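The structure appears right after this line, and notes come after that.
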């Protein structure tokens, strides 16, 4: 019985640790040192951390070294308030981003705790606690950067060292038909990359190239591409694309969009000799989020939708028989491309089979096969000059 109890306790501890490690991937940490004007650290100072978007609040105290460290926090705007007996209360506001560890230090002045608090807004903070090179895209950048397909992975290629690894969409596995997701990061293999959403692995374990979930661009709040010196917690050696969904807040927010492409705005396909191929693509959707209940509620919701309707024609190029070839005349084919009469097979002095070529590389009408003529009737006439790539057509896809 005692062994079973130890086993259950060990399993529980393992699950708790695993959950903590997973949570740290899609969160950030606030830390710093509290000191006075002389530089002496202040232990036991009260540290209040408030998410100004959701009113989530927690309280900590500085340790003997004047250091405070928050637990993993979801990305968002935070206000850190420091108070200690004999010193004026000080507050700073900072934006915590995905997978960041920000150091926010405080220097307290002598005064009464009850005096008015001046809140200082902090801009971009230099990352001094990690050696990983990364590019963070804000919500505004995610929506505004050029992205003709609205494929979230295309934004990854705006980072230095990232290039498309497989440009063509034909023959791709099912998970990639929705859009190409393969990129090479700093020359690495395209299957070494790691895709994460809200701290969860989003990799296709079957093919190793695609992703399982394609998040909508409008639903993303944070978008970070880590290109070198990846953190060991990710478990892969390539680049890491770490994303975070938006969340509801104390205020109702929403958006709506209509992304339009059609042939009236596009140039004609270079290989299409006729009119422009039809294209009508409409991508519509929106988001909405807010509190469940009162404004000071601690429960929130967020919904997103994106739909795509496409009517498109694809230009296809093929080779078909020319007018002369349909009559059996292959004189247009020069060089070593001779047509031999199979009924003239004889053996030469070296006992090798040889055949006589048709005169002028033309097959007589009497030698035509009725089955071959039946097949030939199914071939369309050429649309372009030449012996090869002389037929162009536009196939309509919906």
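In the numbering used here, the protein residues as written are 756 to 1153. Glycine is no exception: its CB is placed at the ideal position from the N, C-alpha and C atoms. Only a predicted model underlies this, so the values are computations on that prediction, with no experimental measurement involved.
- Annotation for residue 911: no alpha helix (DSSP H) segment contains it, and DSSP assigns it neither H nor E.
- Within the model, the alpha-carbon separation for residue 968 versus residue 950 is close to 10 Å.
- In the assembly as shown, residue 943 is a buried residue. Its beta-carbon has 16 or more other beta-carbons within 10 Å.
- Burial is judged here by how many other beta carbons sit within 10 angstroms of a residue's own beta carbon; residue 783 has at least 16 and is buried.
- The Cβ-Cβ distance between residue 1055 and residue 809 falls below 8 Å.
- When secondary structure is reduced to three states using DSSP, residue 1044 falls in the strand class.
- Bridge partners of residue 1024 according to DSSP: none are assigned.
- In the structure shown, residue 1017 falls within a strand segment according to DSSP collapsed to helix, strand and coil.
- The beta-carbon distance between residue 914 and residue 936, rounded to whole angstroms, is 15 Å. This is too long to meet the 8 Å contact definition.
- For secondary structure counted as the beta strand (DSSP E) over 3 or more consecutive residues, the stretch 836-870 holds these complete runs in sequence order: 845-851, 856-858, 861-863.
- Under the 10 Å beta carbon count, residue 1003 is surrounded by 16 or more other beta carbons and is classified as buried.
- Within the same chain, Cβ atoms closer than 6 Å to the Cβ of residue 971 are found at 1059, 1061, the five residues on either side in sequence being excluded.
- Looking at the DSSP output, residue 1070 sits in a beta bridge with 1149.
- A contact is defined here as three or more CB-CB pairs under 8 Å, and the stretch 990-1000 fails this definition with respect to the stretch 1032-1046.
- Assigned with DSSP and collapsed to three states, residue 811 falls in coil, not helix or strand.
- At the C-beta level, residue 847 and residue 877 come within 8 Å of one another.
- For residue 1081, no beta strand (DSSP E) segment is defined; the enclosing uninterrupted segment is the alpha helix (DSSP H) at 1078-1081.
- Contact annotation, residue 786 with residue 858: C-beta distance approximately 6 Å; criterion of less than 8 Å satisfied.
- The bridge partners DSSP lists for residue 804 are 813, 835.
- Spatial neighbours of residue 864 in its own chain (CB-CB distance under 7 Å, excluding positions within 5 residues in sequence) are listed in chain order as 792, 842, 843.
- Per the C-alpha coordinates, the member of 919, 991, 1149 positioned closest to residue 1031 is 1149.
- Under the DSSP assignment, residue 874 falls outside any alpha helix (DSSP H), being part of the beta strand (DSSP E) whose first and last residues are 874-876.
- A residue is called buried when at least 16 other Cβ atoms come within 10 angstroms of its Cβ; residue 974 meets this threshold and is buried.
- Around the beta carbon of residue 854, 16 or more other beta carbons sit within 10 angstroms, so the residue counts as buried.
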